[in-house]
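Just so you know, the working numbering puts the end of the sequence shown at 764, numbered straight through with nothing missing.
For every residue, glycine included, the Cβ atom is placed at its ideal position computed from N, Cα and C.
Okay, so here's the structure we're looking at.
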Amino acid sequence: MIWINLGIIVVAILGLVAYGFVLYKKKISQDLRLVKQLLERFTIRQQTLQAGIDHTTNRIDQIKENVDHLVSEGKRVEQGARQLIVEGQRLSTEVQHTAGLKQF
661 MIWINLGIIV VAILGLVAYG FVLYKKKISQ DLRLVKQLLE RFTIRQQTLQ
711 AGIDHTTNRI DQIKENVDHL VSEGKRVEQG ARQLIVEGQR LSTEVQHTAG
761 LKQF
């Protein structure tokens with residue numbers, strides 16, 4: 661007799677657990693679907709932001725290369741200007757020597 665009562669109690673508990681699990685699964689499936697949608701939206705936003713970051717990084721690299729090129733060209737022009745000044749002074753001295761204004 662006690663075994664029958666214990667069996668009924670165990671079966672009732674198992675039934676309640678199964679019913680609770682079914683209700684929980686039904687509730688959690690909606691939550692999981694919502695989480696999947698949010699995760700998909702987050703992934704799309706992340707990819708969009710990453711594309712923007714990559715584009716900005718590429719533009720910054722291009723601008724840096726242009727600035728470096730301008731700096732190197734500026735240095736080259738500065739050296740050329742120095743050479744022109746030196747050559748102008750040498751030519752001026754040569755003209756003065758040739759004209760007899762200055763002794764050799």
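Contact check, residue i vs residue j, beta carbons under 9 Å
| i | j | result |
| --- | --- | --- |
| Gln763 | His757 | yes |
C-alpha distance - residue i paired with residue j, whole-angstrom precision
| i | j | result |
| --- | --- | --- |
| Gly675 | Thr708 | 49 Å |
| Arg742 | Thr753 | 17 Å |
| Gln690 | Leu683 | 11 Å |
| Ile615 | Val695 | Outside the displayed span of the chain (661 to 764) sits residue 615, for which this structure offers no information. |
| Thr716 | Asp728 | 18 Å |
| Val746 | Leu730 | 24 Å |
| Leu692 | Leu698 | 10 Å |
| Leu666 | Gln706 | 56 Å |
| Gln739 | Asn726 | 20 Å |
| Trp663 | Lys686 | 34 Å |
| Val670 | Thr703 | 47 Å |
| Gly712 | Lys724 | 18 Å |
| Ile720 | Lys735 | 22 Å |
| Ala678 | Asn718 | 58 Å |
Three-state secondary structure assigned by DSSP to residue i
| i | result |
| --- | --- |
| Leu674 | helix |
| Gln739 | helix |
| Leu694 | helix |
| Gly760 | coil |
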